[in-house]
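A.B. asks: Here the protein sequences line up with chains D and S, keeping their order.
Taking our numbering, the leading residue of the first sequence gets 123, the next gets one more, and so forth.
Taking our numbering, the leading residue of the second sequence gets 48, the next gets one more, and so forth.
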Amino acid sequence: MITVKNLCKEFKNNDGTVNKVLSGINYEVNKGEKIVIVGPSGSGKSTFLRCLNLLERPTSGEIYFDGEEITAKKVNINKVRARMGMVFQNFNLFNNLTIMDNIILAPVKLKIMSKDEAKAKATELLKRVNLLDKADAYPASLSGGQKQRIAIVRSLCMNPEMILFDEPTSALDPEMVGEVLDVMKSLADEGMTMVVVTHEMGFAREVATKVLFMDEGTILEENTPKEFFENPQIKRLQDFLSKVL
Amino acid sequence: MTLIELITTGYAVPCSVLSDWIAKTADRFNTAFIEQNRYIQYFKGLGVTLEVALFAGIIGIVIGTIMALFKLSTTEDGKPTIWNYIASIYIDVIRGTPSVLQLMIMYFVIMASVDNQILVASLSFGINSGAYVAEIVRGGILAVDKGQMEAGRSLGLSKAATMWHIILPQATKNVIPPLGNEFITLIKETAIVGYVALSDLTRIANQIASKTYDAFMPLIGAAVIYFVIIKILTILLGNLERRMRRSDNR
Numbered sequence: 123m124i125t126v127k128n129l130c131k132e133f134k135n136n137d138g139t140v141n142k143v144l145s146g147i148n149y150e151v152n153k154g155e156k157i158v159i160v161g162p163s164g165s166g167k168s169t170f171l172r173c174l175n176l177l178e179r180p181t182s183g184e185i186y187f188d189g190e191e192i193t194a195k196k197v198n199i200n201k202v203r204a205r206m207g208m209v210f211q212n213f214n215l216f217n218n219l220t221i222m223d224n225i226i227l228a229p230v231k232l233k234i235m236s237k238d239e240a241k242a243k244a245t246e247l248l249k250r251v252n253l254l255d256k257a258d259a260y261p262a263s264l265s266g267g268q269k270q271r272i273a274i275v276r277s278l279c280m281n282p283e284m285i286l287f288d289e290p291t292s293a294l295d296p297e298m299v300g301e302v303l304d305v306m307k308s309l310a311d312e313g314m315t316m317v318v319v320t321h322e323m324g325f326a327r328e329v330a331t332k333v334l335f336m337d338e339g340t341i342l343e344e345n346t347p348k349e350f351f352e353n354p355q356i357k358r359l360q361d362f363l364s365k366v367l
Numbered sequence: 048m049t050l051i052e053l054i055t056t057g058y059a060v061p062c063s064v065l066s067d068w069i070a071k072t073a074d075r076f077n078t079a080f081i082e083q084n085r086y087i088q089y090f091k092g093l094g095v096t097l098e099v100a101l102f103a104g105i106i107g108i109v110i111g112t113i114m115a116l117f118k119l120s121t122t123e124d125g126k127p128t129i130w131n132y133i134a135s136i137y138i139d140v141i142r143g144t145p146s147v148l149q150l151m152i153m154y155f156v157i158m159a160s161v162d163n164q165i166l167v168a169s170l171s172f173g174i175n176s177g178a179y180v181a182e183i184v185r186g187g188i189l190a191v192d193k194g195q196m197e198a199g200r201s202l203g204l205s206k207a208a209t210m211w212h213i214i215l216p217q218a219t220k221n222v223i224p225p226l227g228n229e230f231i232t233l234i235k236e237t238a239i240v241g242y243v244a245l246s247d248l249t250r251i252a253n254q255i256a257s258k259t260y261d262a263f264m265p266l267i268g269a270a271v272i273y274f275v276i277i278k279i280l281t282i283l284l285g286n287l288e289r290r291m292r293r294s295d296n297r
């Protein structure tokens with residue numbers, strides 16, 4: 123579904139030096155896979171994820187989505203992003219809109235559905251995450267866990283073919299992590315293609331089809347969760363796991 | 048001498064000075080504001096002042112918002128565009144020259160053939176104000192969390208659509224206080240429209256002062272009128288700001 127070839131990303135520092143964040147990543151995500159990416163902070167995992175929908179422009183390399191090279195110049199990236207949801211660490215709900223308007227804004231403006239259709243779909247999704255009573259509230263009045271469940275609903279309402287999760291539980295109070303992970307698990311059970319950057323090793327173990335370990339801008343190890351956690355191959359991953367588990 | 052006598056005679060002198068002064072002041076007030084229905088002229092002048100300020104304010108907000116967007120525009124890979132330079136030059140030129148000169152250049156050079164002074168003055172002040180509003184709006188937009196733009200873009204909305212539906216409504220709340228400040232400055236700045244023969248409040252006061260050989264009353268009177276108008280505006284802005292902030296913490 124998504125193929126990454128030799129992806130590099132560099133940031134220029136203020137003093138003119140170049141900070142190489144991703145150095146030549148090759149990877150392929152197939153339909154229905156749940157890829158969980160773990161690694162120490164600064165390893166480039168979030169940048170990698172943000173490159174997949176071009177929120178970060180890669181310095182070089184190619185990304186193919188359904189066979190189409192989305193890194194090509196002439197591609198309408200908005201069309202691609204409409205098919206690829208994203209959930210952020212800081213929720214990023216639109217502060218000036220009610221929950222309902224947050225959810226239906228993009229599908230209605232992009233003419234994917236009529237306003238009534240979008241509202242019906244949003245209502246159904248809100249019921250599913252038990253937040254229908256918040257439809258007319260503003261984001262400021264919601265807890266972190268509620269905001270993140272709404273953010274997931276917002277991207278689901280676009281009927282995406284895959285969803286990218288950028289540390290979806292990292293900004294949450296501990297007691298709210300569970301409710302968000304539950305929603306993600308149920309999505310995974312339905313067969314949604316997911317790429318998840320997270321520190322929740324339990325989630326990786328339980329839900330992932332593949333777990334990737336990233337450090338210093340490359341994928342150092344890739345394996346099924348069972349092998350990944352029980353039989354890590356490289357020293358760096360063994361060290362990492364001994365610290366986080 | 049009885050106590051009564053002491054009081055009455057003792058106060059007699061200052062009393063007469065005071066009553067003289069009151070009578071004279073009332074007379075001057077009469078000359079400056081009442082005689083020949085002069086107060087109507089002040090109100091007409093105030094009308095011109097407010098008309099120019101209002102039109103200029105609207106023009107300033109429109110130009111300023113466009114220039115702010117120009118200044119913030121980047122290509123998809125984050126490089127500056129030609130619009131950046133246009134906006135920067137505009138802001139530099141306007142902020143680098145006196146507004147009274149801009150007004151005169153507009154009236155005597157650029158729009159020399161146009162007769163409508165209100166139009167010329169509004170345009171001139173609007174273009175001037177736009178440069179300051181541009182920086183205010185730019186600051187207001189930059190103060191909106193950049194995750195809001197990312198969220199909009201990640202859903203497939205264009206940059207323009209996200210700007211319009213998400214960023215600008217939130218930026219509006221940020222810019223109300225400095226924009227109010229700018230408008231207050233603008234009202235007072237219009238006091239120079241006398242240079243292009245527009246009879247605004249300041250010019251009217253000045254004319255009446257020279258006609259009645261009394262500068263005190265007309266000038267102080269005009270100052271009081273400016274002050275009252277701006278005080279009312281300040282209160283209205285405070286209310287607006289409070290109301291907008293209330294929707295924040297629902």
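Don't be surprised by glycine CBs; every beta carbon is placed ideally from N, CA and C.
In this text, all values refer to a predicted model and were calculated from it rather than measured experimentally.
When we look at the beta-carbon of Phe335 (chain D) and count the other beta-carbons within 10 Å, is it buried (16 or more) or exposed?
C.D. replies: buried
A.B. asks: Which residue comes first and which comes last in the beta strand (DSSP E) that contains Phe170 (chain D)?
C.D. replies: Not the beta strand (DSSP E): Phe170 (chain D) falls in the alpha helix (DSSP H), residues 167-174.
A.B. asks: On the DSSP bridge assignment, give the partners of Leu129 (chain D) in chain order.
C.D. replies: D:Ile147
A.B. asks: Inspect the beta-carbon positions of Val180 (chain S) and Ile106 (chain S) and report whether they are closer than 7 angstroms.
C.D. replies: Between Val180 (chain S) and Ile106 (chain S), the gap from beta carbon to beta carbon reaches 7 angstroms or more.
A.B. asks: Between which two residues does the beta strand (DSSP E) containing Tyr273 (chain S) stretch?
C.D. replies: That residue, Tyr273 (chain S), is in no beta strand (DSSP E); its alpha helix (DSSP H) goes 263-293.
A.B. asks: May I have the straight-line CA-CA distance separating Tyr260 (chain S) from Lys278 (chain S), to the nearest angstrom?
C.D. replies: If you draw a straight line from the Cα of Tyr260 (chain S) to the Cα of Lys278 (chain S), it comes to about 30 angstroms.
A.B. asks: Hey, quick one: how far does the beta strand (DSSP E) through Leu334 (chain D) stretch, first residue to last?
C.D. replies: 332-337
A.B. asks: For Leu309 (chain D), go through chain S and note every residue whose CB falls closer than 8 angstroms to its CB, in chain order.
C.D. replies: Around Leu309 (chain D), no beta-carbon contact reaches into chain S at under 8 angstroms, the shortest distance being about 17 angstroms.
A.B. asks: Run down chain S in chain order and give the residues with a C-beta less than 8 angstroms from the C-beta of Lys243 (chain D).
C.D. replies: Chain S residues near Lys243 (chain D): none, gap ~14 angstroms exceeds 8 angstroms.
A.B. asks: With DSSP as the reference, identify every bridge partner of Thr128 (chain S), one or two as the case may be.
C.D. replies: According to DSSP, Thr128 (chain S) bridges with nothing at all.
A.B. asks: Taking Cβ positions, are Val184 (chain S) and Thr112 (chain S) nearer each other than 7 angstroms?
C.D. replies: yes
A.B. asks: Per DSSP, Ser182 (chain D) forms a beta bridge with which residues?
C.D. replies: D:Cys130
A.B. asks: Using DSSP with H/G/I as helix, E/B as strand and the rest coil, what is Thr112 (chain S)?
C.D. replies: helix
A.B. asks: Roughly how far, in whole angstroms, is the beta-carbon of Gly203 (chain S) from the beta-carbon of Ala244 (chain D), given that I think they are within contact range, below 8 angstroms?
C.D. replies: That belief does not hold up - the Cβ atoms of Gly203 (chain S) and Ala244 (chain D) are roughly 16 angstroms apart, past 8 angstroms.
A.B. asks: Kindly confirm or deny that the segment 266-283 of chain D and the segment 198-210 of chain D touch, where touching means at least three C-beta pairs closer than 8 angstroms.
C.D. replies: Yes, the segment 266-283 of chain D is in contact with the segment 198-210 of chain D.
A.B. asks: Using beta-carbon positions only, say whether Asn218 (chain D) and Pro225 (chain S) come within less than 7 angstroms of one another.
C.D. replies: no
A.B. asks: Counting only runs of 3+ residues fully inside the segment 190-229 of chain D, write out the beta strand (DSSP E) ranges in chain order.
C.D. replies: 206-209
A.B. asks: Please classify Tyr86 (chain S) as buried or exposed, where buried requires at least 16 other C-beta atoms within 10 Å of its C-beta.
C.D. replies: exposed
A.B. asks: For Leu204 (chain S), return the contacting residues in chain D, with the cut-off set at a CB-CB distance below 9 angstroms.
C.D. replies: Asn200, Arg203, Ala204, Leu227, Ala228, Lys231, Leu232
A.B. asks: Can you have a look at Ser171 (chain S) and say buried or exposed, based on whether 16 or more other CB atoms are within 10 angstroms of its CB?
C.D. replies: buried
A.B. asks: Any beta-carbon of chain S closer than 7 angstroms to the one on Met208 (chain D)?
C.D. replies: yes
A.B. asks: Tell me, please, whether the segment 135-150 of chain D touches the segment 300-320 of chain D by the rule of three or more beta-carbon pairs shorter than 8 angstroms.
C.D. replies: no
A.B. asks: Please list the partners that Phe287 (chain D) has in chain S, where partner means a Cβ-to-Cβ separation under 8 angstroms.
C.D. replies: Residues of chain S passing the Cβ test: none, with the nearest at roughly 12 angstroms.
A.B. asks: With distances taken Cα to Cα, identify the nearest neighbour of Lys134 (chain D) among D:Glu246, D:Lys142, D:Tyr260.
C.D. replies: D:Lys142
A.B. asks: Please state if the CB of Cys130 (chain D) and the CB of Ser441 (chain D) are separated by a distance shorter than 7 angstroms.
C.D. replies: Outside the displayed range of chain D (123 to 367) lies residue 441 (chain D), so it cannot be described from this structure.
A.B. asks: By the 10 Å Cβ neighbour count, where 16 or more other Cβ atoms means buried, how is Cys62 (chain S) classified, buried or exposed?
C.D. replies: Exposed, by the Cβ-count rule.
A.B. asks: By DSSP, does Ile356 (chain D) sit in helix, in strand, or in coil?
C.D. replies: coil
A.B. asks: Mind pulling the chain S residues with CB within less than 9 angstroms of Leu177 (chain D)?
C.D. replies: Glu197, Arg200, Ser201
A.B. asks: Within the same chain, show all residues whose beta-carbon is closer than 8 angstroms to that of Ala252 (chain S), passing over the 5 residues directly before and after it, in chain order.
C.D. replies: Tyr89, Gly92, Pro265, Leu266, Gly268, Ala269
A.B. asks: Report yes or no: is there a C-beta of chain D within less than 7 angstroms of the C-beta of Gly194 (chain S)?
C.D. replies: yes
A.B. asks: Would you say Ile188 (chain S) lies against chain D (beta-carbon separation less than 7 angstroms)?
C.D. replies: no
A.B. asks: Could you list which residues in chain D have their beta carbon closer than 9 angstroms to that of Ile213 (chain S), in chain order?
C.D. replies: Phe216, Asn217, Asn218, Leu219, Leu227
A.B. asks: May I ask you to report which of helix, strand or coil DSSP gives Lys153 (chain D)?
C.D. replies: coil
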